[in-house]
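Note that the protein sequences, when read in sequence, are chains A and B. Take 215 as the starting number for the first sequence in this note's numbering and just add one per residue. Take 215 as the starting number for the second sequence in this note's numbering and just add one per residue. Positions of the beta carbon are idealized from the N, C-alpha and C atoms, including for glycine. Small disclaimer: the values here were computed from a predicted structure and weren't measured. What follows is a single structure, written as structure tokens, with notes after it.
There are 2 protein chains.
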Amino acid sequence: MSTESLILALDFGGTKLAAGLINGDSRKWMASGRRFSPANSNATSDIEIMYELGRSLLKGNKPIAIGVSFGGPVDGKTGVVRLSHHVEGWENMPLKKMLEEEFGAIAIVDNDANVAALGEYEYGAGVGSDSLFYITVSTGVGGGWILNGKPWGGHEGMAGEIGHMVIDPAGPICLCGKKGCVERLASGPYMAKDAKEILKVAREGNGGRKGEILRSLVGDNLESVTGQLLTQAADMGDKLSQEILHRSAWALGVGIGNVANVVNPKKFILGGGVTKAGERWWNVVRKTARETALPEVNFEIVAASLGDDAPLWGAVAMARRLVGEASEASGRTSVFAPLGDS
Amino acid sequence: MSTESLILALDFGGTKLAAGLINGDSRKWMASGRRFSPANSNATSDIEIMYELGRSLLKGNKPIAIGVSFGGPVDGKTGVVRLSHHVEGWENMPLKKMLEEEFGAIAIVDNDANVAALGEYEYGAGVGSDSLFYITVSTGVGGGWILNGKPWGGHEGMAGEIGHMVIDPAGPICLCGKKGCVERLASGPYMAKDAKEILKVAREGNGGRKGEILRSLVGDNLESVTGQLLTQAADMGDKLSQEILHRSAWALGVGIGNVANVVNPKKFILGGGVTKAGERWWNVVRKTARETALPEVNFEIVAASLGDDAPLWGAVAMARRLVGEASEASGRTSVFAPLGDS
């Protein structure tokens, strides 16, 4: 098999490190692999693991480009990581430059939400929608834009932070210091936290019946409550869990409706663990967003279709675009554009 | 004087109709004029007034392009007006086509907030800021985008409606049916309405002292309270007026901070009557926006610099861009691109 247009896609996902190798315009991985980032890892050890994973996929071949999704803020222009909220030591790491030196190929690095948005646009639920906002509702709530068919990262690469849109100034306090952020109400860990606190207070005889299904799922060990268990309890009829999930969906719906009014994208694509909460959750998101947007503002809200692979596919799309730009800039029709050519 | 690249700029502003004529790349009007739209006017009569105004400026010359700002929702692609909230009969009016037939020149029509945004970007407070959000805070609250140096109108031309972003679900009801929209809290008429209602209830001995300066400004004729008088009373130390203005600035600041988080533009440019409320109002807008945005999201908030002329200058910019595109499409370097050429 010809390997002259190999693209290496990397996903630094916090606790998971993933890589895939693809050839030319193929839609199938030639090879892929995943590693867990060890509990005591830091930026340097994660990068070493990723180098090794990349080499094991490449088997001595050289890629023409590397696309990278990073789970944290990145300066997309320079490919320098600003920091990671999960792993130590990422401050101002010149990841693009390091990868270019390690693998001898041009590289492009962006934030995971931006990259996943591009993945869904090129290969997933966003195909054909020239303007879309991808939102991941999981441990946190973040988003990435496609506008006019291109990623929009913002003036300094910070666009997409719908998780920290304030929608209820009387709401509970978020980690960011503000009250009533979308993330504070809609994310998995915050839903679990709120359920725990209510269950701690509401012992039997004290209105405690409402969360009893959830309590029984964790054998009264409240520290084990998670967003996923809360969803399960809601499905089983637990009223407390249903209320908390409803508030999550409501908060996200207000956020989406607000964004629809201000930016008017064609489509919202939702991914991440919380979006697996079932029809009830989706219905509230859709209804609230529809009521929040002006009647003449039209949009669709759909589920992401690439799942956990969205960042890797987005990394492929970024790398393919980079190769296209590089060969355009060099005035050649070949996709091959060696490093340093201008 | 050569008149081979005359551009006609029109501003349908609700109660005001304005037009300007400019030649080539000039930054000075060759001629301009304003007319008031009569109280019983409708779309047809306003268009007739504008035709006459345009002809009086052109003096028999033919423009190469017409740029049009319209005070209401417009389909920017087709140049069809959707409706006007102020003047009857604008539903589905093909304004672009009508003007092209009347004046024998290519035309482009867009919503006033989008057009004013482009005006400020090309000739005003936004020069050099490739991403900006222009907000007018006046009778209503609306906005227009420049992203990557180009107007962003949204998937269906509805982008910019920051006025109907919900920022307080426990807030008062807006004309749009929702609670706690930015416009419901920040716009001039709503500030006046809230002041009136409080003054009606709060007669003397009933906590009424708080709005007494405002009350004295209107000689106890509460129906005469306006946003402008409220600003004046606040300057004179009226506590009620100060509180209402503070809430206006706070609401707008939350809206701006939310938009900064989601879209990360470089600059926010504020125009419209309410922005003349003075330093105190501006300080609260800036402080609230700064607190609402994440610490790593940077932006500036500045005053519009073109004032009431922003839509006309934006119309000039749109028409100039249209001429550029038309001559590019026809493969010629001349700016002259006759109607119907493709």
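#1: Report the residue from S219(A), A416(A), M372(A) whose alpha carbon sits nearest the alpha carbon of A507(B).
#2: Could you please tell me which residues of the segment 497-513 of chain A, in chain order, have their CB closer than 9 Å to any CB of chain B?
#3: Hey, is A330(B)'s beta-carbon within less than 8 Å of any beta-carbon in chain A?
#4: In chain order, what residues of the same chain lie with their CB nearer than 7 Å to the CB of Y265(B), ignoring the 5 residues before and after it?
#5: Would you tell me roughly how many angstroms separate the C-alpha atoms of G467(B) and M450(A), rounded to the nearest one?
#6: Consider the Cβ of D373(B): report whether some Cβ of chain A lies at a distance smaller than 8 Å.
#7: Output the residue ranges of the alpha helix (DSSP H) runs that lie fully inside the segment 469-538 of chain A and measure 4 residues or longer, sorted by chain position.
#8: Taking 8 Å as the cut-off, decide whether the C-beta atoms of A524(B) and G485(B) are in contact.
#9: From the DSSP output, which residues share a beta bridge with N256(B)?
#10: Curious, which full-length beta strand (DSSP E) runs of at least 3 residues does the segment 219-245 of chain B contain?
#11: Could you tell me the distance, in whole angstroms, from the CA atom of G363(B) to the CA atom of W527(B)?
#12: Would you mind telling me which residues of chain A sit closer than 7 Å to L361(B), beta carbon to beta carbon, in chain order?
#13: Consider the Cβ of L536(B): report whether some Cβ of chain A lies at a distance smaller than 8 Å.
#14: Considering only their Cβ atoms, is the gap separating L454(A) from R439(A) smaller than 8 Å?
#15: Quick test of your reading: L309(B) and V329(B), contact by CB under 8 Å. State the CB separation rounded to the nearest angstrom.
#16: Looking at K481(B) and V516(B), is the spacing between their C-beta atoms short of 8 Å?
#17: What in chain B is Cβ-close to A384(A), meaning under 9 Å?
#18: What do you get for I387(B), buried or exposed, if any count of 16 or more other CB atoms within 10 angstroms of its CB means buried?
#19: Closer than 6 Å by C-beta to G385(B): which residues in its own chain qualify, once you throw out the five before and the five after it? Chain order, please.
#20: List the residues of chain A whose Cβ lies closer than 7 Å to the Cβ of E370(B), in chain order.
#21: For I322(A), go through chain B and note every residue whose CB falls closer than 7 Å to its CB, in chain order.
#22: Quick one: is H209(B) near chain A, going by C-beta distance under 8 Å?
#23: Looking at the structure shown, is K393(A) part of a helix, part of a strand, or coil, going by DSSP?
#24: Going by C-alpha distance, which of S259(B), E510(B), A319(B) is nearest G303(B)?
#25: I'd like to confirm something about K273(A): is its beta-carbon nearer than 7 Å to some heavy atom of the ligand GTP, or not?
#26: Select from the segment 220-231 of chain A all residues with a C-beta closer than 7 Å to any C-beta belonging to chain B, and list them in chain order.
#27: For S541(B), does the three-state DSSP call read helix, strand or coil?
#28: What residues in the segment 325-356 of chain A have a beta carbon less than 7 Å from any beta carbon of chain B?
#29: Would you please verify whether the beta carbon of K291(B) is less than 8 Å from any beta carbon of chain A?
#30: Within 10 angstroms of its Cβ, does A233(B) collect 16 or more other Cβ (buried), or is it exposed?
#31: Tell me, to the nearest whole angstrom, how far the beta carbon of A533(A) is from that of I458(A); I am working on the premise that it is less than 8 Å.
#32: Answer with yes or no whether the minimum CB distance from E542(A) to chain B is below 8 Å.
#33: In terms of alpha-carbon separation, which member of A447(B), D452(B), V295(B) lies closest to M312(B)?
#34: Considering just the uninterrupted stretch of the beta strand (DSSP E) at S283(A), what are its terminal residues?
#35: Along chain B, in chain order, which residues have C-beta atoms closer than 9 Å to that of K414(A)?
#36: Indicate whether at least one CB of chain B lies closer than 8 Å to the CB of N475(A).
With the given structure in hand:
#1: M372(A)
#2: E505, T506, A507, L508, P509, E510, V511, N512, F513
#3: no
#4: E316
#5: 42 Å
#6: The question names Asp, but residue 373(B) in the sequence shown is Ala. Answer yes: the Cβ-Cβ gap between A373(B) and chain A drops below 8 Å somewhere.
#7: 493-506
#8: yes
#9: E302(B)
#10: 220-226, 230-237
#11: 16 Å
#12: L361, W366
#13: no
#14: Reading the sequence as shown, one finds Val at residue 439(A) and not Arg. No, they are not a contact pair.
#15: Going by Cβ atoms, the distance from L309(B) to V329(B) rounds to 13 Å, so no, they are not a contact pair.
#16: yes
#17: D382, P383, A384
#18: exposed
#19: K393, G394
#20: N478, N512
#21: None at all; the shortest Cβ gap to chain B is about 18 Å.
#22: Residue 209(B) is absent from the structure shown; chain B starts at 215 and stops at 556.
#23: strand
#24: S259(B)
#25: This structure lacks the ligand GTP, and indeed carries no ligand of any kind.
#26: none
#27: helix
#28: S345
#29: no
#30: buried
#31: That belief does not hold up - the Cβ atoms of A533(A) and I458(A) are roughly 40 Å apart, past 8 Å.
#32: no
#33: V295(B)
#34: 279-284
#35: Correct list: empty, because the minimum Cβ distance to chain B is about 27 Å.
#36: yes
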